[in-house]
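Asker:
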Amino acid sequence: MSPWALQVWLGFALCIIGIGMHRTGPAFSRHRFGAPVALLGLALMLVHTHEPPEPEAGLVLSMIDSLWVAPAVFGFALVLMGAPLYWKARPATLLAGWLLIAVAWYVAYLSIAGTSLTDFLPALTALPGAALALAVFALCVRTAERMVPPESETEPLTEREQRYVESVLKRHLGGDSDES
0 MSPWALQVWL GFALCIIGIG MHRTGPAFSR HRFGAPVALL GLALMLVHTH
50 EPPEPEAGLV LSMIDSLWVA PAVFGFALVL MGAPLYWKAR PATLLAGWLL
100 IAVAWYVAYL SIAGTSLTDF LPALTALPGA ALALAVFALC VRTAERMVPP
150 ESETEPLTER EQRYVESVLK RHLGGDSDES
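Numbering that gives the first Met the number 0 applies: residue 0 is where the sequence shown begins, and numbers increase by one.
What follows is the structure in structure tokens.
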């Protein structure tokens, strides 16, 4: 195995390790070294001075052809951040996200089909069908959410349940039993 093939596979392993490291920890406190390790692995895979041998060269070429994934991921993240939450929307973030997703679609069509803009426009005829499918899906979700009756308020904790929860929290958080 050549050193360049080893570099590609080492980069691939570092990407997987970095993603795994990033997924550890609570949702709002991810491992701080996960993303840099994954990016280092990606750089090792894509940046090389010599052409890697055949199986690894195919992997690198398919990754380069899939660079449209980057604007798609950033676009999805922006759309999720800009989506209305508690009736507060962020239209600029939402618009930027949808623009990035549109760019990703265009780049994907260019890389997958090797089409030009004139060939891309007739391919847009598939969008009404995709939009209809998404609209039906959204309508089904909305209908299902409206059909579920709202739950009533839960009963407050009893004194015994309060003492139990308090003892569990003190044990796990290291609270002093004298503080109240």
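From the three backbone atoms N, C-alpha and C, an ideal C-beta is built for every residue, glycine too. As the structure is a computational prediction, the values presented were derived from the model and not from experiment.
1. Quick check on leucine 66: does DSSP put it in helix, strand or coil?
2. Please return the same chain residues whose Cβ sits closer than 6 Å to the Cβ of leucine 77, not counting the five positions on each side in sequence.
3. What's the call for cysteine 14, buried or exposed, on a 16-neighbour Cβ count within 10 Å?
4. With a Cβ-Cβ cutoff of 8 Å, do methionine 20 and histidine 30 count as a contact?
5. Does the distance from the CB of isoleucine 100 to the CB of phenylalanine 75 come in under 8 Å?
6. Say whether the stretch 5 to 12 touches the stretch 31 to 38, bearing in mind that this needs 3 or more beta-carbon pairs closer than 8 Å, one atom from each stretch.
7. Measure the C-alpha to C-alpha separation of valine 102 and leucine 41 and round it to an integer number of angstroms.
8. Measure the C-alpha to C-alpha separation of glycine 17 and phenylalanine 11 and round it to an integer number of angstroms.
9. Pop quiz: valine 164 and leucine 172 are said to be a contact at Cβ under 8 Å. What is the actual Cβ separation, rounded to whole angstroms?
10. Short of 6 Å in beta carbon distance, which residues of its chain neighbour alanine 3, apart from the five on each side in sequence? Order them along the chain.
11. So, with DSSP's three-state summary, where would you put leucine 79?
12. I need the boundaries of the alpha helix (DSSP H) containing tryptophan 3, first residue and last residue.
13. What is the residue span of the alpha helix (DSSP H) that valine 135 lies within?
14. Considering just the uninterrupted stretch of the alpha helix (DSSP H) at proline 51, what are its terminal residues?
15. Which residues in the same chain have their Cβ closer than 7 Å to the Cβ of tryptophan 67, if we skip the five residues on either side of it in sequence?
Answerer: So, from the data block:
1. coil
2. Thr92, Ala95 and Gly96
3. A buried status is given to cysteine 14, since no fewer than 16 other beta-carbon atoms sit within 10 Å of its beta-carbon.
4. In contact: methionine 20 and histidine 30 (Cβ atoms closer than 8 Å).
5. Yes, Cβ-Cβ distance for isoleucine 100 and phenylalanine 75 is below 8 Å.
6. no
7. 22 Å
8. 10 Å
9. Going by Cβ atoms, the distance from valine 164 to leucine 172 rounds to 12 Å, so no, they are not a contact pair.
10. One point to set straight first is that residue 3 is tryptophan, not alanine, in the sequence displayed. These residues qualify, in order along the chain: His47, His49 and Pro51.
11. helix
12. Where tryptophan 3 is concerned, the enclosing alpha helix (DSSP H) stretches over 2 to 21.
13. 126 to 146
14. Element bounds for proline 51: n/a, residue is neither H nor E.
15. Ala103, Val106, Ala107 and Ser110
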